Amino acid sequence: MEELTMTYEQAVAFLKKYMEENGRKQVEVAAELGVSGGLVSSFLAGTYKTPHAIIPKVQELAKIHEKKAVTPKEPDFVETSVSRTVTNAIAYAHLRGTVAVVYGDAGVGKTFAVREYMKRNSLALGITISPTYASVTGVNELIAEQLGVRERGDRKITREIVAKLRNSGRVLVIDEAQHLTVRALNHLRCVSDESGIGIALVGNEEIYSKLRGSGKADFAQLFSRVGMRKQVLTNNLTAEDIRNIFGPYGLDEGALGLLSGIAHTNYGLRGAVNVFVNTAAVYGKIDKAGIVKVMRDMNIGA
11 MEELTMTYEQ AVAFLKKYME ENGRKQVEVA AELGVSGGLV SSFLAGTYKT PHAIIPKVQE
71 LAKIHEKKAV TPKEPDFVET SVSRTVTNAI AYAHLRGTVA VVYGDAGVGK TFAVREYMKR
131 NSLALGITIS PTYASVTGVN ELIAEQLGVR ERGDRKITRE IVAKLRNSGR VLVIDEAQHL
191 TVRALNHLRC VSDESGIGIA LVGNEEIYSK LRGSGKADFA QLFSRVGMRK QVLTNNLTAE
251 DIRNIFGPYG LDEGALGLLS GIAHTNYGLR GAVNVFVNTA AVYGKIDKAG IVKVMRDMNI
311 GA
């Protein structure tokens, strides 16, 4: 049994402060402690007959809370060679009113770059495609939600979308675009043609393959609308990129080297960030030895 280092008074003080600072209700704290809401209520009120049975649970919650407070979070957005490629392509589509395509490896930071462009540009309209929204109807629903279109039926929705976008100076940024059907891609081309806005398609290699259509004539009109196409790969990430992302956390060269190695595998930058966060969570610090252990636990080889 864990030795108690917390008194009853300290346990009560911690719970009250924990609830106040984190907006937790007693029932939510009770769930975290694995006890009933009534028990927490009586414990705080000083009427629970065996408070020392609860103190170890409070003590453990306090330790977890303290560990989370000092654990580094996922790094904030840092401009990299890849993110510059993505945002430059979106800007090109935005300024020229054409179609830009950014495609390549997963986990290199394409989505982070998309979010950053959206954050910096109020005229950027963004949607993320999942298989559920891959069709013309799904795309229309996502765009209509962003624009506040209340029409029903694809034809009416499309007409209203085009009307709202025409001469708006906006750009439509579509993340995970590889999920789009070819019919939906052609629909987006028509929206771009009729409204005059640019469209940026961001996804993996599959989106570019769909646009090319293996050289078939049916795809020529679609492919001809692509004004810029950029491929981004894990190999595009530079040592300076890795240093800019993780360097502020005081990592030594050995730790940076391991994270760089991960970022240049199929795990990509996303894998390096996951290892970084998990190392901090498990060991409370980030060094080469901790990273190696987490990599082994996550079955990651760099």
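All the letters of the sequence shown, read from the start, carry residue numbers 11 to 312 under our numbering.
The C-beta atom is built at its ideal place from N, Cα and C for all residues, glycine as well.
Since the structure is predicted, the reported quantities are computational estimates derived from the model, not experimental observations.
According to the neighbour-count rule (16 or more other Cβ atoms, all chains shown, within 10 Å of its Cβ), is residue i buried or exposed?
i	result
A265	buried
D86	exposed
D115	buried
D307	exposed
K120	buried
N32	exposed
G117	buried
G281	buried
S132	exposed
E12	The predicted model places E12 with a pLDDT of 48, which falls under 50 and marks its position as unreliable; any figure quoted below should be read in that light. So E12 counts as exposed.
G300	buried
N150	buried
Mind reading off the beta-carbon distance from residue i to residue j? Whole number of angstroms is fine, and I expect it under 8 Å.
i	j	result
V50	Q36	5 Å
V88	I64	At roughly 44 Å, the Cβ-Cβ gap does not stay under 8 Å, so V88 and I64 are not in contact.
K26	L54	7 Å
I153	V181	Going by Cβ atoms, the distance from I153 to V181 rounds to 12 Å, so no, they are not a contact pair.
M305	V283	M305 to V283, Cβ: 13 Å. No contact.
A314	A99	Residue coverage of the chain in this structure runs from 11 to 312, which leaves residue 314 outside it and unanswerable.
Y28	M238	Y28 to M238, Cβ: 51 Å. No contact.
Please find out if some non-hydrogen atom of the ligand HEM comes closer than 8 Å to the beta-carbon of residue i.
i	result
E38	What this structure holds is no ligand at all, so the ligand HEM is not there to describe.
Of the residues the options, which one's Cα is nearest the Cα of residue i?
i	options	result
E76	G294, V304, A299, V302	G294
V39	L232, E70, A103, G148	E70
G223	T191, T244, I252, V212	T191
K298	D262, L175, A194	D262
D164	A134, H197, T244, G179	H197
Given this structure, state the Cα-to-Cα distance separating residue i from residue j, to the nearest angstrom.
i	j	result
R235	V109	6 Å
F122	E161	32 Å
F256	I296	10 Å
S270	V112	23 Å
R169	V68	59 Å
A194	L157	18 Å
E204	R176	7 Å
T60	A273	52 Å
P66	N309	34 Å
The region 171-188 in contact with the region 136-143 per 3-pair CB rule at 8 Å
Short answer: they touch.
Within 8 Å, do at least three Cβ pairs link the region 85-98 to the region 139-159?
When C-beta atoms of the region 139-159 are compared with those of the region 85-98, fewer than three pairs fall below 8 Å, so the two segments do not count as touching.
Count Cβ pairs between the region 116-134 and the region 286-296 that sit closer than 8 Å; are there 3 or more?
The region 116-134, when compared against the region 286-296, does not touch it at the 8 Å Cβ threshold.
Three CB pairs or more closer than 8 Å across the region 208-221 and the region 245-257:
Segments in contact, no.
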